[in-house]
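Below you'll find the structure, written out as structure tokens, and then a few comments.
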Amino acid sequence: MAVTGYLAEFSLPELFQFLDQGHKTGLLTINGLSVDRNRNSQSHYIWVHEGRIVAAAASLDEKGLLSMISQRGWLSDRVVSRLAQVFSNKTPMGLCLKSHGLLEAEQLKVLFKSQVLRRVCALFQLQDGQFEFQTKVPLPLAEMTGLSVPATEATLMSLRALRDWTALKDKLPAPTSGLTSVITGQPRFRLDALEWQVWEFAKGTVSLEAIAQQLRLPVEKVQQAAFRLSVLSLAEEVPLIAPSPAQLKDNSVVAVPELIQESVSKGSISQSFLQNLVSFLRSKV
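The sequence shown: position 223 = 222 (numbering that gives the first Met the number 0), numbered continuously.
Structure (structure tokens):
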């Protein structure tokens, strides 16, 4: 069974969240939609195993990983050609090369970062695209380093590196909305400084624009951090009836005498009202 759709309707972060939380296994194909309909769109292939991204490529020929190794000069073209002929489809290529002493663990990390993480990050720049997720597809062991990353964590790294948020603008929480935690305890993810700051306000009482004002940041930056927390299933957007920047400060509750004095100076409260208020407060002591 295949799941198909458009990124304009179901964003890439939401798609990766679906794959991660559903522990999906299969092949995700994304075709970017070009403005010029006469041009062929670039295809991107991402393989997922139980919600973790294990490989990514620009084609289905399963030659991408060995080509990367050859380009880096880590193995000669002759060795690479020979490996392609004798490779056994029982274990990931990266682990096979490591077990034979041809590659080190650090080299596999470099390959995985270039092959998967950078490619996935680039996908978040797509303004629109068509995707298809197929479940009954064998894993491309010849393309796999043996390393993997949860789809949601790949999303987090990509969003942190994303400079142009145009494609996700409509997915960002509203500046007048608040953020509330949906977990108990502390996040299991390694949040950056801004994400932690926004997380501290995830109590459903303060608007994002008020948080931005308190942190002295553009509201867009706070919206983006809030979106990342939402993608991680740590918090969710909640509408606020009357969001107030004053709720941000620990000392936001002004003492009654100070409030009274300020109101008197502005001439907004009558003297009789003040006398009645003071009498009421005394009766409660």
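For glycine and all other residues, C-beta sits at the position ideal for the given N, C-alpha and C.
Beta-carbon proximity check, residue i vs residue j, cutoff 8 angstroms
| i | j | result |
| --- | --- | --- |
| Leu228 | Ala192 | no |
| Leu94 | Trp73 | no |
| Ala211 | Val218 | yes |
| Gln41 | Thr151 | no |
| Leu231 | Phe123 | no |
| Pro149 | Ala54 | no |
| Gly31 | Leu125 | yes |
Residue of the options minimising C-alpha distance to residue i
| i | options | result |
| --- | --- | --- |
| Gly311 | Leu138, Ala234, Ser157 and Lys89 | In the structure as shown, the chain starts at 0 and stops at 284, and residue 311 therefore has no counterpart that could be examined. |
| Gln114 | Val205, Ser147 and Leu214 | Ser147 |
| Gly21 | Lys108, Leu82, Leu64 and Arg51 | Arg51 |
| Met143 | Leu171, Leu65 and Leu190 | Leu65 |
| Gln127 | Leu167, Ser75, Leu190 and Val47 | It is worth fixing the name first, because residue 127 is Asp in this sequence and not Gln. Among Leu167, Ser75, Leu190 and Val47, the Cα nearest to that of Asp127 is on Leu167. |
| Phe188 | Thr165, Pro172 and Thr154 | Thr154 |
| Leu6 | Val109, Trp198, Thr165 and Gly63 | Thr165 |
| Lys89 | Leu171, Ala141 and Phe111 | Ala141 |
| Leu26 | Glu8, Phe9, Ala1 and Glu13 | Ala1 |
Where residue i falls, given that 16 or more other Cβ within 10 Å makes a residue buried
| i | result |
| --- | --- |
| Ser157 | buried |
| Gly145 | buried |
| Gln133 | exposed |
| Gly4 | exposed |
| Leu96 | buried |
| Arg118 | buried |
| Gln223 | buried |
| Val197 | buried |
| Ala56 | buried |
| Ile182 | exposed |
| Glu236 | buried |
For residue i, the first and last residue of its enclosing beta strand (DSSP E)
| i | result |
| --- | --- |
| Trp46 | Ser42 to His48 |
| Gly184 | Note, Gly184: premise wrong, no beta strand (DSSP E); not H, not E. |
| Ser80 | No beta strand (DSSP E) contains Ser80, which is instead part of the alpha helix (DSSP H) from Asp76 to Val85. |
Chain-order list of residues whose beta-carbon lies under 6 angstroms from that of residue i (same chain, five-residue window excluded)
| i | result |
| --- | --- |
| Glu105 | none |
| Pro186 | Leu233 |
| Leu178 | Ala201, Ala225 and Ala234 |
| Pro174 | Leu207, Glu208 and Val218 |
| Leu18 | Val47, Gly50 and Ala150 |
| Gln129 | Tyr5 and Asn30 |
Residue range of the alpha helix (DSSP H) that includes residue i
| i | result |
| --- | --- |
| Leu151 | Inspection of the sequence shows that residue 151 is occupied by Thr rather than by Leu. Unbroken alpha helix (DSSP H) run through Thr151: Ala150 to Ala160. |
| Leu312 | Residue numbering for the chain in the displayed model covers 0 to 284; residue 312 lies beyond these limits and cannot be assessed. |
Same chain, Cβ closer than 8 angstroms to residue i, five either side skipped, listed in chain order
| i | result |
| --- | --- |
| Lys220 | Leu193 and Ala211 |
7 angstroms CB neighbourhood of residue i in its chain, flanking five on each side removed
| i | result |
| --- | --- |
| Pro238 | Ser176 |
| Glu61 | Pro139, Ala141 and Glu142 |
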